[in-house]
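Residue numbers (the working numbering): 25 to 143. Cβ coordinates follow ideal geometry from the N, Cα and C atoms, glycine included. Just so you know, these numbers come straight off a predicted model, no measurement behind them. Reviewing the structure listed below.
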């Protein structure tokens, strides 16, 4: 499975960002505190529905905004799936291909990740 793009709205320090990933290796480059880790955290949330960094999920929403939206497109073989997570007042709205997901167990397998952190 390959994450080909991610769109973030009011997530952490981003008002709006659209990132296209290449089919092989992708490298994020930038100055400190510019949001590289926030993009990786968004990938983690799209995969696991929660941040690998822990903490209050309300902090994921950009200051002054009411909700954050994370969208990603995942390609598995010939199948494309559009994932979406909305964070609103401590609640999550989770969708796959614009259909509401009732159980987290039904969602988790759409994007598998492995996280290595200094922690």
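Element boundaries [beta strand (DSSP E), containing residue i]
| i | result |
| --- | --- |
| residue 100 | 91 to 100 |
| residue 115 | 115 to 120 |
| residue 65 | Careful: residue 65 lies outside any beta strand (DSSP E), inside the alpha helix (DSSP H) at 60 to 72. |
| residue 39 | 38 to 44 |
| residue 30 | 26 to 35 |
Burial state of residue i, where buried means 16 or more other Cβ atoms lie within 10 Å
| i | result |
| --- | --- |
| residue 102 | exposed |
| residue 57 | exposed |
Heavy atom of the ligand HEM within 7 Å of residue i beta-carbon
| i | result |
| --- | --- |
| residue 66 | Summarising the ligand content, the structure contains no ligands, and the ligand HEM is consequently not present. |
Start-to-end residues for the alpha helix (DSSP H) that takes in residue i
| i | result |
| --- | --- |
| residue 147 | This structure gives no information on residue 147, because the portion of the chain shown stretches from 25 to 143. |
Presumed contact (8 Å Cβ cut-off) between residue i and residue j, rounded CB distance
| i | j | result |
| --- | --- | --- |
| residue 81 | residue 111 | 6 Å |
Can at least three beta-carbon pairs, one atom from the segment 80 to 96 and one from the segment 110 to 125, be found at a separation below 8 Å?
The answer is yes - the segment 110 to 125 touches the segment 80 to 96, with three or more Cβ pairs under 8 Å.
For the pair the segment 48 to 57 and the segment 116 to 131, tell me if three or more CB-CB distances fall below 8 Å.
No, the segment 48 to 57 is not in contact with the segment 116 to 131.
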